[in-house]
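For the sequence shown, the working numbering begins at 1 and goes up steadily by one.
For glycine and all other residues, C-beta sits at the position ideal for the given N, C-alpha and C.
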Amino acid sequence: EVLLMCGSFHKALADFEEALKIQLKLPNMTCLHSSEMKSHMGFAHFKLGQKEKGLELLQESLQVRQELDPDDELCADTMYRLGLVHQALLEFDKAVKYFDRSMIIRGKLEKTKAQQQKLQETMNEMITMAHSNHQYRKFLVTYEDKAKQLFPFGMYKLKVKTNVVEATPTHVTNRESQKLFFRALTNAAAHSLG
1 EVLLMCGSFH KALADFEEAL KIQLKLPNMT CLHSSEMKSH MGFAHFKLGQ KEKGLELLQE
61 SLQVRQELDP DDELCADTMY RLGLVHQALL EFDKAVKYFD RSMIIRGKLE KTKAQQQKLQ
121 ETMNEMITMA HSNHQYRKFL VTYEDKAKQL FPFGMYKLKV KTNVVEATPT HVTNRESQKL
181 FFRALTNAAA HSLG
């Protein structure tokens with residue numbers, strides 16, 4: 001991805017193609033992983049002047065992304081890239097359609113980020129309170145119920161095992177919520193064990 005941002009499109013494309021070959025051989029790779037590679041490869045082809053090949057790969061990527069999570073940031077990125085390709089092909093109606101869809105998703109994500117900031121503040125207060133009262137286990141039990149309210153994108157199961165906190169997402173559709181949750185749990189575990 002860094003090579004794309006630096007303008008090293010030939011090198012980036014070679015790296016993405018190699019990464020995709022490796023990913024396709026791994027048993028745990030999902031469609032989302034290959035979709036992300038195809039989006040990067042499509043953009044690299046576009047930047048190298050291979051607009052049709054870029055368009056093909058970006059459309060393949062978008063199809064998978066929309067099936068998995070149509071409001072994902074990666075989906076918005078792919079739509080934006082499709083807009084750029086259609087603009088270069090002088091297909092302005094299609095370009096506007098993809099740019100608009102990308103902006104709509106990004107608008108939703110900005111609202112989500114504001115909600116996540118409030119969530120982080122709430123979680124920090126709860127963690128501080130639990131730590132200062134030496135009631136970390138009680139916090140975890142209580143938090144499981146709060147998680148249902150605080151995480152509209154997924155629920156989490158928590159358990160304490162000999163001073164080790166384990167958190168397992170049971171259903172997560174928002175990557176930022178998952179990162180935020182695990183970051184807060186890590187901080188909480190550090191405070192309670194330290």
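Specify the secondary structure class of residue i as computed by DSSP and reduced to three states.
{"i": "Glu91", "result": "coil"}
{"i": "Asp15", "result": "helix"}
{"i": "Leu100", "result": "Here residue 100 turns out to be Asp, not Leu, going by the sequence shown. Residue state, collapsed to three classes: helix."}
{"i": "Asp77", "result": "helix"}
{"i": "Gly107", "result": "helix"}
{"i": "Leu58", "result": "helix"}
{"i": "Gln63", "result": "helix"}
{"i": "Leu84", "result": "helix"}
{"i": "Gly49", "result": "coil"}
What residues in its chain sit with their C-beta under 7 Å from that of residue i, if we drop five residues either side in the sequence?
{"i": "Asp72", "result": "Arg65"}
{"i": "Thr78", "result": "Ser39, Leu58, Ser61, Leu62 and Arg65"}
{"i": "Ile22", "result": "none"}
{"i": "Met202", "result": "The structure shown does not extend to residue 202, since the chain is modelled only from 1 to 194, so the question has no answer here."}
Excluding the 5 residues flanking residue i on each side, which residues of the same chain have their C-beta closer than 6 Å to its C-beta?
{"i": "Phe46", "result": "Gly54 and Val85"}
{"i": "Ala76", "result": "Ser102, Ile105 and Arg106"}
{"i": "Phe99", "result": "Gly83"}
{"i": "Phe254", "result": "Because the chain here runs from 1 to 194, residue 254 falls outside it and cannot be looked at."}
{"i": "Ser35", "result": "Ser61, Val64 and Arg65"}
{"i": "Ala95", "result": "Gly83, His86 and Gln87"}
What do you get for residue i, buried or exposed, if any count of 16 or more other CB atoms within 10 angstroms of its CB means buried?
{"i": "Lys11", "result": "exposed"}
{"i": "Ile104", "result": "exposed"}
{"i": "Leu90", "result": "exposed"}
{"i": "Glu110", "result": "exposed"}
{"i": "Phe151", "result": "Bear in mind that a pLDDT of 48 at Phe151, under 50, signals an unreliable position, so the number given afterwards is only what the model happens to contain. It is buried - the Cβ of Phe151 has at least 16 other Cβ atoms within 10 Å."}
What does a CB cutoff of less than 8 Å around residue i pick up in its chain, not counting 5 residues either side in sequence?
{"i": "Lys51", "result": "His45, Val85, Ala88 and Leu89"}
{"i": "Leu13", "result": "Met41, Ala44, His45 and Leu48"}
{"i": "Lys108", "result": "Asp71"}
{"i": "Glu56", "result": "Gly42"}
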